[in-house]
Structure formats: structure tokens, C-alpha cells
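A.B. asks:
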Amino acid sequence: MFEGEKPRTPSINMNMPTAARMYDWLLGGIDNYDVDKEACHRLLDIAPSSQLLARNNRSFLQRVIRILADDFGIDQFLDHGSGLPTQDNVHQIAQRINPDAKVVYVDNDPAVLAHARTRLLRNSNTRVLQADMRDTEEILAAAADGNFLNFGKKVAVLFVSVLHCLPDTNDDRAPAALIRKITQALAPGSIIVICQLVSDHDEVRDGVTELMRQATGGQWGRVRERGEVRAYFDGLKILPPGLCDVVDWRPTAAPPPQHLRPTDWVEWGGVAEIL
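In this note's numbering, the protein residues as written are 85 to 359.
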């Protein structure tokens with residue numbers, strides 16, 4: 085079921101990279117074009133661990149969904165900036181644990197929407213919204229339409245590796261303000277999952293940010309520092325093991341030792357409960 089679609093879905097621009105298709109290439113997917121591959125190679129020149137980080141991030145997402153569905157009994161998920169469908173998406177993991185689990189994906193990339201139409205059509209417990217992830221009121225209204233998601237009950241809201249796509253602004257569309265706005269609309273006991281790309285190195289932060297802004301025609305935000313991401317969690321109850329490199333968030337196998345970890349940048353964040 086597909087809700088929130090505009091009358092005319094924007095056409096797919098095969099001549100300009102998108103973050104979603106680049107992420108797909110980094111994961112070894114096939115839903116990308118030469119222009120995305122070229123941009124990824126430039127990215128790897130600046131941050132060589134980018135492919136490893138993409139895979140670590142995907143594993144983190146899959147662990148989070150399993151734990152939230154199994155241990156926390158969460159059966160409603162709102163996934164912002166969901167990206168291209170790959171293997172073991174949010175709805176597949178959650179619905180293996182609870183077939184009645186409902187998932188709403190939010191994205192504004194026409195390639196993501198096109199793939200979603202063909203792959204999720206027969207899943208009545210999954211919706212895809214065509215929307216900018218900053219349009220909180222529109223997203224919440226569409227997700228709740230027909231009582232699909234019930235925001236009077238616990239919901240898990242995901243911002244997994246997407247907030248670096250948002251620029252800094254002086255209004256409620258800035259990342260930290262966006263998080264505050266959506267958490268205020270959630271019932272106590274709801275969960276928010278946040279991670280984004282961070283680096284301790286100016287040259288990586290500035291180099292990747294400039295590359296992605298140019299490559300995507302300005303559809304990018306900024307690689308940030310840990311302290312900035314930590315501020316997203318203000319007022320929330322951060323769940324163990326706290327904020328960390330996502331490979332250290334409740335791993336199912338021993339995480340890599342420090343000397344084998346990337347030194348250029350990491351996916352950093354965690355999981356928190358709405359009080």
C-alpha cells in the first residue's frame with residue numbers, strides 16, 4: 085500500500101548521484117548507475133572506510149529492529165530516509181518476529197519510490213510515503229491515516245544514517261530541532277534510533293561534505309562531530325550501551341579491536357526511549 089504520493093512522481097535523474105544509490109553501491113547492490121559509482125570512488129579517496137561503514141550501519145539497523153521487535157515488543161516503525169530496498173529491510177525483520185508489525189518508510193528519492201512500488205505492493209502492513217523527512221506534520225498525519233500507525237501507542241522512529249543529509253538551518257527543519265519536534269509527538273515508551281556519519285578530522289568532514297554537496301546538487305547536509313550528534317539525544321533516556329560507534333551497539337559477534345577500526349570516520353549514535 086502506498087500513501088502520500090504526489091500526483092506526479094519526479095523522474096529519476098540518471099546523470100546526478102543520489103545518497104541512496106551511492107549507499108546501495110557501497111553495500112554491493114545493483115540499483116545504481118555509473119554516476120553513483122564514480123561518486124563513490126571519489127568518496128573512497130577521501131574516506132577509504134566508507135564501504136565498511138555502510139555495511140556496519142546496515143548490520144546495526146538489522147540488530148536494532150530485531151531487538152526492538154523481540155525484546156521491547158515494538159510493532160510500529162517509522163523509518164525516515166529509508167533508502168533503496170535491499171535484503172532484510174525493516175519490515176522483513178519486524179514481520180518475521182510479529183507478522184502484524186506495521187512499517188512506514190519515508191523517502192523523497194524517486195528511485196527509492198519506484199523500487200518500493202514494485203517490491204512492497206502485496207504487503208498490507210507496509211506503507212511508503214513520498215515526503216521530505218523534515219515535513220513532520222505531513223508524515224505523522226499520513227502514517228496515522230486510517231489508524232495505520234497509532235501514535236497513542238509505542239512507535240520506533242528511525243533516523244539511521246540520514247541526518248548528515250540535512251543541512252544546518254535556523255528553524256525547526258534543522259536536525260536537532262527536527263528530533264525535538266517528532267519526539268514531542270510520540271507516546272511515552274516510544275523509541276528513537278539515531279546515527280550519522282561523524283569524523284574527528286577537519287579534512288574528512290570538509291572534504292566529504294563538499295564532495296557530496298557538489299555530487300548531489302546540494303542534496304546534502306554535513307559530516308558532524310560526536311558532540312553535535314549527542315545533542316540530538318537531549319531529554320531522552322539513552323539505552324545501554326549508550327552512544328557509540330554502531331559496531332559496538334549490542335553486537336552479536338566480537339567487534340573489531342581498536343587497531344583494526346577505521347580512523348577516518350564512523351557511524352555514531354544509539355537508541356533512546358521517550359520518557
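Note that CB positions come from ideal geometry on N, CA and C, so glycine has one too.
#1: Beta-carbon within less than 6 Å of residue 306's beta-carbon, same chain only, minus the 5 sequence neighbours each way: which residues are those?
#2: Helix, strand or coil for residue 160 per DSSP?
#3: Per DSSP, what kind of secondary structure is residue 239 in: helix, strand or coil?
#4: Between which two residues does the beta strand (DSSP E) harbouring residue 224 extend?
#5: Going by other Cβ atoms of all chains shown within 10 Å of its Cβ, with 16 needed for buried, is residue 296 buried or exposed?
#6: Please report the residue range of the beta strand (DSSP E) in which residue 280 lies.
#7: What does a CB cutoff of less than 6 Å around residue 284 pick up in its chain, not counting 5 residues either side in sequence?
#8: Which partner residues does residue 188 have in the DSSP bridge list?
#9: With DSSP run on the structure shown, which of helix, strand or coil describes residue 291?
#10: Report yes or no: do the segment 180 to 196 and the segment 249 to 261 share at least 3 C-beta pairs separated by less than 8 Å?
#11: Where DSSP assigns a beta bridge to residue 308, which residues make up the other side?
#12: Taking one C-beta from the segment 140 to 149 and one from the segment 227 to 237 each time, how about it: are there three or more such pairs within less than 8 Å?
#13: Taking residue 280 as the reference, give the member of 324, 197, 354 with the closest Cα.
#14: Quick check on the DSSP output: what are the complete alpha helix (DSSP H) runs of length 4 or more inside the segment 95 to 134, in order along the chain?
#15: Would you report the Cα separation of residue 154 and residue 181, rounded to the nearest angstrom?
#16: Going by alpha carbons, who is nearest to residue 327 out of 133, 119, 144?
#17: Okay, do the segment 231 to 243 and the segment 262 to 278 touch, 3+ Cβ pairs below 8 Å being the bar?
#18: Could you tell me whether the segment 126 to 139 touches the segment 94 to 111, where touching means 3 or more Cβ pairs closer than 8 Å?
#19: Put residue 322 into one of helix, strand or coil per three-state DSSP.
#20: State buried or exposed for residue 90, treating a residue as buried only when at least 16 other CB atoms are found within 10 Å of its CB.
#21: Take the Cβ of residue 291 as the centre, count every other Cβ of all protein chains shown within 10 Å, and call the residue buried at 16 or more, exposed below.
#22: Would you report the Cα separation of residue 322 and residue 156, rounded to the nearest angstrom?
#23: By a C-beta neighbour count over all protein chains shown, 10 Å radius and 16 as the cutoff for buried, is residue 338 buried or exposed?
#24: Go ahead and label residue 253 buried or exposed: buried means 16 or more other beta carbons lie within 10 angstroms of its beta carbon, across all protein chains shown.
#25: Looking only at DSSP bridge pairs, what is residue 356 linked to?
#26: Assign residue 244 to one of three DSSP states: helix, strand, or coil.
C.D. replies: Per the coordinate set shown:
#1: 293
#2: strand
#3: coil
#4: Element bounds for residue 224: not the beta strand (DSSP E) but the alpha helix (DSSP H), 220 to 228.
#5: buried
#6: 275 to 282
#7: none
#8: 162, 211
#9: helix
#10: no
#11: 282
#12: no
#13: 354
#14: 103 to 110, 118 to 130
#15: 7 Å
#16: 144
#17: yes
#18: yes
#19: strand
#20: At residue 90 the pLDDT is 44, less than 50, meaning the model places this residue with poor confidence; the figure from the coordinates comes in the next sentence. Classification for residue 90: exposed.
#21: buried
#22: 15 Å
#23: exposed
#24: exposed
#25: 276, 322
#26: strand
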